[in-house]
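Each residue of the sequence shown is one higher than the last, beginning at 13 in the numbering used here. Virtual Cβ for every residue (Gly too), placed ideally from N, Cα, C. As the structure is a prediction and not an experimental result, all values here were calculated from the model. The block underneath contains the structure these notes are about, expressed in structure tokens.
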Amino acid sequence: MVDRGRLFHVKHVIALDVGGTGMKAALVGADTTLLHEARRPTERERGPEAVVAAILDFAAELREIGERRFGGPPLAAGVGVPGVLDEDRGVAVFAANLGWSDVPLRALLTERLGGIPVALGHDVRMGGLAEGRIGAGEGARRFLFVSVGTGIAGAIGIDGRIDPGAHGSSGEIGHIVVRPGGTACGCGQSGCLETLASAAAVGRAWADASGDPAADAADCAKAVRSGDPRASAVWGEMVGALADGLVTGLTLLDPGVLIVGGGLAEAGETLFAPLRTAVEERLTFQQLPRIVPAALGDTAGCLGAGLLAWDRLSTEVTA
Numbered sequence: 013m014v015d016r017g018r019l020f021h022v023k024h025v026i027a028l029d030v031g032g033t034g035m036k037a038a039l040v041g042a043d044t045t046l047l048h049e050a051r052r053p054t055e056r057e058r059g060p061e062a063v064v065a066a067i068l069d070f071a072a073e074l075r076e077i078g079e080r081r082f083g084g085p086p087l088a089a090g091v092g093v094p095g096v097l098d099e100d101r102g103v104a105v106f107a108a109n110l111g112w113s114d115v116p117l118r119a120l121l122t123e124r125l126g127g128i129p130v131a132l133g134h135d136v137r138m139g140g141l142a143e144g145r146i147g148a149g150e151g152a153r154r155f156l157f158v159s160v161g162t163g164i165a166g167a168i169g170i171d172g173r174i175d176p177g178a179h180g181s182s183g184e185i186g187h188i189v190v191r192p193g194g195t196a197c198g199c200g201q202s203g204c205l206e207t208l209a210s211a212a213a214v215g216r217a218w219a220d221a222s223g224d225p226a227a228d229a230a231d232c233a234k235a236v237r238s239g240d241p242r243a244s245a246v247w248g249e250m251v252g253a254l255a256d257g258l259v260t261g262l263t264l265l266d267p268g269v270l271i272v273g274g275g276l277a278e279a280g281e282t283l284f285a286p287l288r289t290a291v292e293e294r295l296t297f298q299q300l301p302r303i304v305p306a307a308l309g310d311t312a313g314c315l316g317a318g319l320l321a322w323d324r325l326s327t328e329v330t331a
């Protein structure tokens, strides 16, 4: 991060990565350098109006920092948010964990930030954009990014860009049904990948198996490494379900690289070694892609939002 003293005439954009409980933000240079980083709570406990106000206030604060430290206002802004989006209209259609619906977020930010171009994108797709363009998938023409955390979601990358889908909801691999008739999912289906292979699902299963209600997925991974057969059984169920879901994605999309991120990926080869084997065992005519961990950590969302802002700016210039 570059944030030393007072710098002048540094072109930059605002990048905001809005999560369920917190926001990460950055001022991003044209070479993707993080010139300044900050974090704030979303204040979702105060309701959706407070969340929107917190986003607008944070963005305005970042604009002021950019003007003061880098010699001028940001050229554009990119914002990644969870839930269902209408990217063409710049509307956050719905997000259960933030409690909002039909928020014209791009228009609100454009007004608050003095009319600069603003791009709105899905938070996981923003992480995928960064990983695919400058992270673990750099140079790949086609990639699939899958974030395995509290939930499971993905991003489909083609030629350095993310495909949002016709209705703004592409990449929802967590809601592929891998165990028909299985555990009920919040989406209304049963047996979704997310109910079996997310970090939250592994944590619940290990808490039950171990008898420790406070146990989580990281504890399960640690127990796997120590040779605990109960943990190995839980982990094996997760790996099998995840491989089934990923093979569906690979069959449909034929990516050259499969990038796995999110909290569960922090288990390293405890996850990746059996996962690569399980995926390969399930393939028939499909080509096995490289299966790699995400490389950018929790900066991926901000970097992706920054890339989206620079992309939006270049589109405005050439339009």
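Residue environment, residue i, which counts as buried when at least 16 other CB atoms sit within 10 Å
i: residue 17; result: With a pLDDT of only 48 at residue 17, under 50, the local geometry of the prediction cannot be trusted, and the value read off the model is given with reservation. Residue 17 should be labelled exposed.
i: residue 210; result: buried
i: residue 317; result: buried
i: residue 75; result: buried
i: residue 59; result: exposed
i: residue 179; result: exposed
i: residue 143; result: buried
i: residue 15; result: Here residue 15 scores only 49 on pLDDT, less than 50, and its place in the model should not be relied on; the value that follows carries that caveat. With fewer than 16 other Cβ atoms within 10 Å, it is exposed.
i: residue 322; result: buried
i: residue 398; result: Nothing can be reported for residue 398: it is not among the residues displayed for the chain, which extend from 13 to 331.
For residue i: DSSP bridge partner residues
i: residue 23; result: In DSSP, residue 23 forms no bridge with anything.
i: residue 134; result: 93
i: residue 303; result: 270
i: residue 35; result: 30 and 52
i: residue 112; result: 107
i: residue 204; result: 189
i: residue 67; result: Paired residues: none, contrary to the question.
i: residue 98; result: 103
i: residue 46; result: 40
i: residue 174; result: 169
i: residue 255; result: Answer is none; residue 255 lacks a bridge partner.
i: residue 196; result: 202
Pair within 9 Å by beta-carbon distance, residue i and residue j
i: residue 254; j: residue 205; result: yes
i: residue 270; j: residue 158; result: yes
i: residue 233; j: residue 226; result: no
i: residue 311; j: residue 36; result: yes
i: residue 116; j: residue 133; result: no
i: residue 246; j: residue 214; result: yes
i: residue 283; j: residue 272; result: yes
i: residue 224; j: residue 231; result: yes
i: residue 148; j: residue 308; result: yes
i: residue 183; j: residue 140; result: yes
i: residue 146; j: residue 274; result: no
i: residue 189; j: residue 276; result: no
i: residue 305; j: residue 154; result: no
i: residue 110; j: residue 32; result: yes
i: residue 218; j: residue 196; result: no
i: residue 287; j: residue 303; result: yes
i: residue 166; j: residue 186; result: yes
i: residue 96; j: residue 82; result: no
i: residue 73; j: residue 65; result: no
Below 8 Å, can you find three or more Cβ-Cβ pairs linking the stretch 117-133 to the stretch 36-51?
-> no
Could you pull out every unbroken beta strand (DSSP E) segment of at least 3 residues lying fully inside the stretch 122-166, listed in chain order?
-> 130-134 and 154-160
What runs of the alpha helix (DSSP H), each 4 residues or longer, lie entirely inside the stretch 204-251?
-> 206-209, 211-222 and 229-237
Using 8 Å as the Cβ pair cut-off and three pairs as the minimum, do the stretch 189-208 and the stretch 168-176 touch?
-> no
Assess, as a yes-or-no matter, whether the stretch 24-31 is touched by the stretch 90-97 under the definition of 3 or more beta carbon pairs within less than 8 Å.
-> yes
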